[in-house]
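Student: Handing you this structure, nothing more for now.
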Amino acid sequence: MSSAAAASSSASPVPPEDDVCSVCHDRFRIPCQANCSHWFCGECIIRVWNHGAAVQPCKCPICRRLINLLVPANVSDDQNDDPQLQRVLGEIQHYNHIFGGAPRSLTQVYCTLVMEVVFHLFGIYDLHRRFGQMISNFHPLQNDQGLFS
905 MSSAAAASSS ASPVPPEDDV CSVCHDRFRI PCQANCSHWF CGECIIRVWN
955 HGAAVQPCKC PICRRLINLL VPANVSDDQN DDPQLQRVLG EIQHYNHIFG
1005 GAPRSLTQVY CTLVMEVVFH LFGIYDLHRR FGQMISNFHP LQNDQGLFS
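Numbered per the working numbering, the sequence shown spans residues 905 to 1053.
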C-alpha cells in the first residue's frame, strides 16, 4: 500500500466541503457520519433521535435506514474545551453505547431501556447525563448468587 493510501485510510472521515446538514440545511457543526455514510451535525441527528422513541435508533433522514452508529469527525485540540462540543460528543457516545451493537446482558439492556423511557418521558436529560456513567458501569449481579437462575 502506498504512503498516500495509508495516510488516507488512517485519517478520520470528514464531510464533503460543498455539502450541508440535511436536518438544519446549514454548514456542519460537530459533523457526524452515520453507518449509512450520510453526514449530519451531531446535535441535529441527536435531536432527530430525541424527537422519536428513545428506546430505538433513529432512521436516517435521507435514506431511512436505521442508524446504529455515529462517527464524529476528529476535533481539533483547540476545540476540546468547548462545553457544547463535549455535551454533543457525550450524547453521541451514549447513543453508540445503546445502539452500537456491543454485547450486553439482558439485565443491562432492560435497565438502559427503562432509564431511557423515564428520562425521555420526564425530560430530565441533564440528570441522565450525570448518571450516565453509573449506567455504563452497571455490572449485573453474578449468576452464582442464584438471583437469575
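Quick reminder that beta carbons are idealized off the backbone N, C-alpha and C, glycines included.
Remember, predicted model here, so these are calculated numbers, not experimental data.
Looking only at its chain, what residues have a beta carbon closer than 6 Å to the beta carbon of W943, apart from the 5 residues adjacent to it on each side?
Tutor: Excluding five sequence positions before and after W943, the CB atoms of its chain that fall closer than 6 Å to its own CB belong to P919, P935 and Q937, given in chain order.
Student: Give me the residue from N939, C1015, P987 and S926 with the minimum Cα distance to R951.
Tutor: S926
Student: In its own chain, which residues sit with a C-beta less than 6 Å from the C-beta of E1020, not counting the 5 before and 5 after it?
Tutor: A958 and V959
Student: Measuring straight from C-alpha to C-alpha, what distance separates V1022 and H955?
Tutor: 15 Å
Student: Alpha carbon to alpha carbon, what distance is there between P917 and N978?
Tutor: 8 Å
Student: Could you spell out the range, first to last residue, of the beta strand (DSSP E) harbouring V975?
Tutor: L974 to P976
Student: Within this structure, are the beta carbons of C945 and C964 separated by less than 7 Å?
Tutor: no
Student: Let me check one thing: in DSSP terms, what residues is F932 bridge-paired to?
Tutor: Paired residue(s): none; F932 is not in a bridge.
Student: In angstroms, rounded to a whole number, what distance separates the CA positions of P961 and R931?
Tutor: 24 Å
Student: With distances taken from CA atoms, which of I966, H1001 and D986 is nearest R933?
Tutor: D986
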